[in-house]
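Protein chains in written order, with my numbering: chain S, 8 to 143; chain X, 417 to 592.
The block underneath contains the structure these notes are about, expressed in structure tokens.
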């Protein structure tokens, strides 16, 4: 019985965290007054890699550089910059690596489309193989 | 025909294996990210400097000679480790070295330099880390080689070791 209670408690805490999206890294004094702007800032932060931890976004990271970048993004938003301009500002300095979504470019085209090519190649082999075995 | 097609996956697998071992064997650090500023002009910035207390304007300070730019702080242990090599660049190569003091306490920095020696010709202050962001710096110490044409030729993340010292030396010789 007690076990069940604990289980429900844990699940509800997890669900609460999941739906509210509380982040431990963003400090209260960083949050913008305008909730619309704040939402934009959070959205951008989630797509920017923390260069120090490398597999976290700056929204999740508590490293000092991540904090600096979060504040910088908020300042840019307050100054009326568009999301696109902010992404460009960051990738101009830190390279495409800072974007958690790699852009489709000449250098990354292989990365995006080679799996599809391989898939078709696989189909081709299976198709060919089956055709021959049917003949026998 | 059937055997020929079946050999292709084998070849592909072998190629993947080859790439895998190649990347294991070569000397590389996967956590080191190439700078996006390579072959681009130095970022523009203005700030005050330590000791000389002058206004440091990047557009005036770069472009006359090959310059080494070193981001450092007294709270950064690897910066202390590489300081020997920074001094060698100053003493032996007679290089102009700009030491950008990252998020540091000026008094502590003066003490630190008195104790360890000051190889820097200018020490611009980056109190809030904004200049570092413009340089794409993500972990100090970081060192840049800037050519006489204001173009960034090389960036190293982490402390300068003997190997990196030699590498930068060769690069500077080729630039001068």
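Ideal Cβ placement from N, Cα and C applies to all residues, glycine included.
Because the structure is a prediction, the values reported are computed rather than measured.
Interface annotation for the segment 102-121 of chain S against chain X: 102 and 104, criterion Cβ-Cβ distance under 7 Å. It is roughly 44 Å from the alpha-carbon of residue 420/X to the alpha-carbon of residue 105/S.
Contact check for residue 512/X against residue 481/X passes: the beta carbons are separated by less than 7 Å. Annotation: residue 108/S to residue 118/S spans about 12 Å, alpha carbon to alpha carbon. If you compare the alpha carbons of 572/X, 543/X and 551/X with that of residue 557/X, the shortest gap goes to 572/X. Its Cα nearest to that of residue 510/X, the residue 537/X stands out among 524/X, 455/X, 554/X and 537/X.
Fully contained in the segment 499-538 of chain X are the following alpha helix (DSSP H) runs of length 4 or more, in chain order: 522-532. At a cut-off of 7 Å between C-beta atoms, residue 90/S does not count as an interface residue with respect to chain X. In the pairwise beta carbon analysis, the segment 56-76 of chain S is classified as touching the segment 537-555 of chain X: at least three pairs are separated by under 8 Å.
Cβ atoms of residue 456/X and residue 568/X come within 8 Å of each other, at about 6 Å. Taking a C-beta cut-off of 8 Å against chain S, the contacting residues of the segment 444-457 of chain X are 447, 449, 450, 451, 452 and 453, listed in chain order. Within the same chain, and ignoring the five residues on either side of residue 63/S in sequence, the residues whose Cβ sits closer than 7 Å to its Cβ are 57. Check the Cα spacing between residue 564/X and each of 477/X, 450/X, 586/X and 493/X: the tightest is with 477/X. Closest by C-alpha distance to residue 67/S, out of 80/S, 76/S, 53/S and 110/S, is 53/S. Taken through DSSP and simplified to helix, strand or coil, residue 569/X comes out as strand.
Annotation: residue 88/S to residue 76/S spans about 15 Å, alpha carbon to alpha carbon. Not a single CB atom of chain X sits nearer than 7 Å to the CB of residue 77/S.
Taking a Cβ-Cβ threshold of 9 Å, the residues of chain X close to residue 132/S are 421, 422, 424 and 425, in chain order.
Between the beta-carbon of residue 516/X and that of residue 483/X there is about 12 Å, and that puts the pair past the 8 Å contact cut. Residue 575/X and residue 100/S have their C-alpha atoms some 21 Å from each other. With respect to the C-alpha of residue 454/X, the residue from 423/X, 589/X and 561/X having the closest C-alpha is 561/X. Less than 7 Å divides the Cβ of residue 84/S from the Cβ of residue 48/S. DSSP places residue 484/X in the strand class (E or B) of the three-state scheme.
When beta bridges are read from the DSSP output, residue 22/S appears opposite no residue. Residues of chain S with a Cβ closer than 8 Å to the Cβ of residue 574/X do not exist; the shortest Cβ-Cβ separation is about 13 Å.
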